[in-house]
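Residue numbers for the sequence shown follow the numbering used here, so the first one is 940 and each next one is one higher.
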Amino acid sequence: MPVERSSLVRGLRVDGLGMLLGGVFNAFPDTSYSQNIGLVGLTGVVSRWVCVLAGALLVVLGLIPKLAMLTAAIPPSGLGGAGLVMFSMVTANGIHTFGQVDFAGRRHNLLIVAVGLGLAIVPVTAEHFFDHLPRALGPLLHSGILLGTVSPDTQALMR
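See the structure below:
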């Protein structure tokens, strides 16, 4: 289901406004999360009223601690299983997006993906790979997500 440009623009504007208000009131910035993509793909539910209901439920749980304890009693294996499926859906959506990229006509796109994926797994597979660099860079270089995102973006901009 393609998203209209106007809907995308409105969503980004509201996301930016939420972050701005979070900064003004010294609160956590409110932003969209990739888990939502997994949940939408898993359930097929796209109604915003589900989010309203979930928010109301969280308020009720915050006001009634005994009820919140029931939520806290969910076994870790149940949460882990749900998380595994949810984040696998996010990954599957990412792979689906790769299917729309022209790898045959533009070989440079294949190099961008390869370098991005390669750098993303370095912090996991070779923990001490960046140890010889200044310590100030440590928080940046020990995040596979950051390396796997910034590298392809930079390569695409340099094309």
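All C-beta atoms, glycine included, are put in the ideal place defined by N, C-alpha and C. Note that this is a predicted model, so its numbers are computed, not measured.
- In the DSSP assignment, Asp1070 falls outside any alpha helix (DSSP H), carrying neither H nor E.
- One thing to note: Ala1059 has its Cβ within 8 Å of the Cβ of Gly1087.
- Gly1083 is a Cβ neighbour of Val1063, given a cutoff of 8 Å.
- Distance between Leu1096 and Leu1006, taken at the CA atoms: about 50 Å.
- The alpha-carbon separation between Pro1015 and Ala1021 amounts to approximately 10 Å.
- In this structure, Arg987 sits away from His1047, with a CB-CB distance that is not shorter than 8 Å.
- Nearest to Thr1030 by C-alpha distance, out of Ile976, Asp954, Ser946, is Ile976.
- For Gln974, the uninterrupted alpha helix (DSSP H) run begins and ends at 974-982, by DSSP.
- The three-state secondary structure of Pro1062, taken from DSSP, is helix.
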